[in-house]
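Letter by letter, the sequence shown follows residues 5 to 238 of our numbering.
To start, the structure under review is shown below, and the notes come after it.
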Amino acid sequence: MRLLIALILIHTALTAQQLILKSVSDDYTTATAITPKIERGITAFIIKHYSPAYSAIVARAVVLDYNDTTNISTLALSPFDTLQQDSLPKIVDRAESSDELLLAPDYMRAMLIAPNYDIYNKITSNITDTYWVHPDLLATYLSYQSHSTPELSDFKELCEKYVIGLLYIYLSDTLYTLDCHTFTTLHTTKVGASYTDTDLPFFHRIGKIDEGLFSFGGSGLKEYEPYYKSLIER
Numbered sequence: 005m006r007l008l009i010a011l012i013l014i015h016t017a018l019t020a021q022q023l024i025l026k027s028v029s030d031d032y033t034t035a036t037a038i039t040p041k042i043e044r045g046i047t048a049f050i051i052k053h054y055s056p057a058y059s060a061i062v063a064r065a066v067v068l069d070y071n072d073t074t075n076i077s078t079l080a081l082s083p084f085d086t087l088q089q090d091s092l093p094k095i096v097d098r099a100e101s102s103d104e105l106l107l108a109p110d111y112m113r114a115m116l117i118a119p120n121y122d123i124y125n126k127i128t129s130n131i132t133d134t135y136w137v138h139p140d141l142l143a144t145y146l147s148y149q150s151h152s153t154p155e156l157s158d159f160k161e162l163c164e165k166y167v168i169g170l171l172y173i174y175l176s177d178t179l180y181t182l183d184c185h186t187f188t189t190l191h192t193t194k195v196g197a198s199y200t201d202t203d204l205p206f207f208h209r210i211g212k213i214d215e216g217l218f219s220f221g222g223s224g225l226k227e228y229e230p231y232y233k234s235l236i237e238r
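Here is the structure:
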C-alpha cells in the first residue's frame with residue numbers, strides 16, 4: 005500500500021501551492037505552467053480571480069506533457085460546463101496567463117471496482133484518507149441506463165456528475181489507479197490479494213441490475229478480468 009499512500013501525498017503536494025499559468029495559446033486550446041513533476045492525464049481546473057472575494061472556474065485542463073528539464077507542464081484546455089445552468093448567466097471568460105491552475109481538484113474522492121466484497125474491504129480499509137464513493141451508485145446508474153456492464157462513457161459521466169477524481173480497478177494482484185475523467189492509468193500497485201469468487205459485473209449491494217427489453221450493453225459479461233483489462237488498455 006506504500007504507493008497508494010504516496011499518491012495521497014502527491015495530491016496534497018499538488019494542491020498545497022498556488023500554481024499560475026505561464027502562457028495560453030492564441031486559440032485557447034493549450035497552456036503551459038511551471039509545476040511539480042506530474043503524470044500525463046491528470047485533470048485540472050483553471051480559475052480566474054476577479055477580486056480577493058470572487059473567482060470562477062473558466063476552463064478544464066488535462067496534462068499532456070511534463071518537461072523534466074524546464075519543469076513546465078503542457079495542458080490541453082476545454083470549456084468547463086459542469087455547473088452550467090440555463091437559468092443562470094454563463095461565464096464567457098477564457099483562460100489567460102496568470103490565472104490559477106488547480107491540479108487534481110477532486111482526487112480525494114474515489115471509486116473502487118473490485119471483484120468481490122473481501123477485495124473491496126481490504127483495499128478501502130487500507131486507504132483511509134480518501135472519500136470512497138460506493139459502487140452501489142454505479143450499479144444504480146447502470147440500472148437507470150438499462151445495461152449492466154459499465155462502459156467507458158458510463159464511468160466518465162458518473163465521475164463528472166458526482167465529482168469523482170480517481171477510479172481504482174483491481175485485477176489479479178494489481179490495483180490500477182486511473183484519472184476518472186481521462187481514464188489514464190496514473191499508477192499500478194501490487195497488492196497481492198488473490199480471489200476466486202467474483203461478483204459480476206463488479207462488487208455492489210443492490211442486487212440484480214435491471215436491463216431494458218432492447219438492451220445490448222452488458223448481459224453477456226461472463227468474465228471480470230478480461231473485460232476490465234480491455235477497458236483500461238483502450
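Idealized CB from N, CA, C, for every residue including glycine.
For SER82, the enclosing beta strand (DSSP E) covers residues 76-82.
For ASN71, the pairing in a beta bridge is given by DSSP as ILE76. When DSSP states are grouped into helix, strand and coil, LYS194 belongs to the strand group. Exclusion of the five residues before and after ASP140 leaves HIS208, ARG209, ILE210 as the residues of its chain whose Cβ lies within less than 7 Å of its Cβ. In the same chain as THR36, and ignoring 5 residues on each side of it, the C-beta atoms closer than 6 Å to its own belong to LYS26, SER27, ILE76, THR78, in chain order.
In the three-state scheme derived from DSSP, where H, G and I count as helix and E and B as strand, TYR172 is classed as strand. Looking at THR73, LYS126, ILE38, the one whose alpha-carbon comes closest to that of LEU106 is ILE38. Contact check for TYR145 and LEU162: beta-carbon distance about 6 Å, within the 8 Å limit, so the pair qualifies. With contacts defined by Cβ atoms closer than 8 Å, LEU81 and TYR32 form a contacting pair. Annotation: LYS212 to VAL62 spans about 41 Å, alpha carbon to alpha carbon. DSSP, read as helix, strand or coil, puts PHE49 in strand. Counting along the chain, GLU104 sits inside the beta strand (DSSP E) bounded by residues 104-107. With a contact defined as Cβ atoms closer than 8 Å, THR193 and THR178 qualify at about 7 Å.
Beta-bridge analysis with DSSP links THR189 to LEU182. By the 16-neighbour rule on beta-carbons within 10 angstroms, VAL167 is exposed. In its chain, beyond the 5 residues on either side, SER59, GLU104 have a beta carbon closer than 7 Å to the beta carbon of HIS53. By a beta-carbon distance limit of 8 Å, LEU170 contacts TYR111. Their separation comes to about 5 Å. The Cβ-Cβ distance between TYR199 and PRO83 does not fall below 8 Å. In this chain, ALA57 is not harboured by any beta strand (DSSP E), its DSSP state being neither H nor E.
Within the same chain, and ignoring the five residues on either side of LEU23 in sequence, the residues whose Cβ sits closer than 8 Å to its Cβ are ALA37, ILE38, THR39, GLU104, LEU105, LEU106, LEU107. When DSSP states are grouped into helix, strand and coil, ALA99 belongs to the coil group.
Residue pairing of LEU116 in beta bridges, as defined by DSSP: TYR172.
In chain order, ASP183, THR186, THR188 place their CB closer than 6 Å to the CB of GLY45, counting only its own chain and leaving out the 5 sequence neighbours on each side. With contacts defined as CB atoms closer than 8 Å, TYR180 and ILE127 fail to qualify as a contacting pair. The beta carbon of THR34 lies closer than 8 Å to those of VAL28, LEU68, THR78, LEU79, ALA80, LEU81 in the same chain, with the five residues before and after it left out.
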